[in-house]
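Residue numbering for the sequence shown follows my numbering, starting at 9 and increasing by one per position. We treat Cβ as the ideally placed atom computed from N, Cα and C, and that holds for glycine. Keep in mind the model is a prediction, meaning the values are calculated, not measured.
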Amino acid sequence: MPRCELETGAGQDMTTAGNPQTPLVDSPAPEYKLVELESPFVLVSLVRQITQRLREPKLTVPEKYYRGEAALPVVEMRPWYRDLPNLFEALREKSADPVDIFNSAQEKRRALVAAIVAFAAAAGGWFTKGDVGLALGLIGGVALGRVVAVLCFKKREHPPDIWQDYKMQRASWINSLLVHGVALAALTLPFYILRMMQPVKASNTQTTILYTPPIVSLPPEPKQMHGGGG
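Written out as structure tokens, the structure reads:
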């Protein structure tokens, strides 16, 4: 590698810094010049940006997944058959709500009453009309027993929702209809009143009279006798 020696100073008037006998001369101020860089054409720049955007990899998942901050949900998901026992347990689990407990007991009573009435109706139909009576009695007994059970064993309602006061009530529909009717009447009534207050203009009827002067009847002119000699 070639040797490089660096000297301080500028021009012939400056000497090395180690010689104190030679007077130092101030170096001229640096000159700054404006350098213009040629910018690419607009279309060229646009093509470059589009090409760069197409070459970049497309990220379709959140940033935390491909950076390793969180595990992928599909990878960490358990097989569906492992959740079957939990599903059966959730179906068998009884609610601790007193209203749900009471309604569950009432539903069992309803089913028992419907079964008793259906059995009695099916037996009566079978004794009277055989197989056809059995089918008809079973269907009718289930329907009749369900109606009787619903009337006998009432269920309790859950406490009303706190947002029920903000729902549309029946009276609200009537009030809305009345308000809209009054608004439409207030908008259209002035026009009808102005039209009624305007005077009725008389119709301009034109009568055309044809005047013909009387023609004087003159007596006919006497015929002139023209004689001719022969």
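Going by DSSP, GLN114 is part of the alpha helix (DSSP H) stretching over 106-160. DSSP places GLU71 in the helix class (H, G or I) of the three-state scheme. Proximity of the stretch 154-168 to the stretch 114-128 meets the contact definition, three or more beta-carbon pairs being nearer than 8 Å. In this structure, the beta-carbon distance from GLY153 to ILE109 does not fall below 8 Å. In this structure, the straight-line span from the alpha carbon of VAL121 to that of GLU97 is close to 28 Å. Across the set ALA157, HIS188, MET204, ILE170, the C-alpha of ALA157 shows the shortest separation from the C-alpha of ASN111. The DSSP-derived three-state label of GLN177 is coil. Taking C-alpha positions only, SER47 is separated from PRO87 by approximately 59 Å.
Each of LEU95, GLU165, PRO36 was checked against the Cα of PRO106, and the nearest Cα belongs to GLU165. In the DSSP assignment, THR59 falls within the alpha helix (DSSP H) that extends over 50-63. In the structure shown, ILE182 falls within a helical segment according to DSSP collapsed to helix, strand and coil. For GLU97, the uninterrupted alpha helix (DSSP H) segment begins and ends at 92-100.
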